[in-house]
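Structure, as structure tokens:
Residue numbers (the numbering used here): 8 to 213.
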């Protein structure tokens with residue numbers, strides 16, 4: 008029910024932005040907190056011109072309990088019509104968790120063999136590569152494209168609403184999360200994971 012209410016409110020805000028007349032560059036400084044389905048964030052944005060801005064953003068998001076994203080990024084935004092709609096591209100550092108195939112070296116005892124040097128039976132340790140689906144975490148560089156609407160409510164400046172969608176793509180080292188804190192080590196593997204964040208920002212422009 009909470010998810011349905013959130014989606015409904017977001018849809019109403021986006022539809023209302025079509026009729027918004029306030030320009031996105033009415034003020035230079037835009038500070039907001041962001042709420043997603045199971046997450047939070049914060050952002051500061053500075054307008055460089057009617058069509059361009061720069062911002063910094065921190066975020067934490069949980070989707071379906073297993074798909075987690077957190078990080079921070081600097082972003083550039085482009086307002087093609089100088090009003091509510093924008094497209095953005097963020098670059099930063101973050102974390103993403105998901106289920107992915109993971110290849111590791113599995114070492115096990117395949118029995119005993121006779122050692123001519125030691126003149127005794129010794130364990131026959133065999134190492135094989137195995138691939139299985141694990142719950143993994145990926146930590147590293149983040150590229151975060153997104154789109155959204157900045158709706159300046161009432162007079163220029165002051166309170167504003169900012170619904171949006173962004174896709175943080177994390178590139179970096181990946182490892183099974185189940186091994187965290189156990190001391191078990193795996194060879195470093197490169198992984199790529201994409202998050203999906205629907206958010207609504209509430210803030211103040213000055």
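Positions of the beta carbon are idealized from the N, C-alpha and C atoms, including for glycine.
Residue from the options whose Cα sits closest to the Cα of residue i
| i | options | result |
| --- | --- | --- |
| residue 101 | 181, 85, 89, 138 | 181 |
| residue 58 | 45, 89, 70, 46 | 89 |
| residue 61 | 98, 164, 126, 111 | 98 |
| residue 232 | 92, 131, 154, 81 | Here the chain comprises residues numbered 8 to 213, so residue 232 is not present and cannot be evaluated. |
| residue 131 | 118, 122, 137, 124 | 118 |
| residue 107 | 179, 211, 207, 199 | 199 |
| residue 87 | 105, 111, 56, 74 | 56 |
| residue 93 | 110, 114, 158, 137 | 158 |
| residue 162 | 185, 137, 211 | 211 |
| residue 156 | 208, 138, 76, 67 | 208 |
| residue 168 | 68, 137, 121, 206 | 206 |
| residue 96 | 175, 45, 165, 44 | 175 |
Buried versus exposed, by CB contacts within 10 Å (16 or more), residue i
| i | result |
| --- | --- |
| residue 103 | buried |
| residue 221 | What is shown of the chain runs 8 to 213, which leaves residue 221 out entirely. |
| residue 145 | buried |
Strand pairing of residue i, partner residues [DSSP]
| i | result |
| --- | --- |
| residue 213 | BP columns for residue 213 are empty, so no partner. |
Rounded separation between residue i and residue j - CA only
| i | j | result |
| --- | --- | --- |
| residue 85 | residue 170 | 16 angstroms |
| residue 271 | residue 213 | Lying outside 8 to 213, the shown extent of the chain, residue 271 is not represented and no answer is given. |
| residue 53 | residue 134 | 55 angstroms |
| residue 70 | residue 204 | 8 angstroms |
| residue 24 | residue 47 | Confidence is the limiting factor: at residue 24 the pLDDT is only 48, short of 50, which leaves the residue's position unreliable, though a coordinate-based value still follows. If I take the Cα positions, the gap works out to 22 angstroms. |
| residue 37 | residue 140 | 43 angstroms |
| residue 63 | residue 78 | 11 angstroms |
| residue 50 | residue 41 | 8 angstroms |
| residue 196 | residue 179 | 8 angstroms |
| residue 201 | residue 160 | 33 angstroms |
| residue 114 | residue 35 | 60 angstroms |
| residue 91 | residue 33 | 11 angstroms |
Quick check for students: name the residue ranges of the beta strand (DSSP E) that lie wholly in the segment 160-187, counting only runs of 3 or more. Segments of the beta strand (DSSP E) lying fully in the segment 160-187: 165-173, 176-183.
Within the segment 70-134, note down every full beta strand (DSSP E) run reaching 3 residues or more, in order along the chain. Whole beta strand (DSSP E) segments, 3+ residues: 74-85, 92-122.
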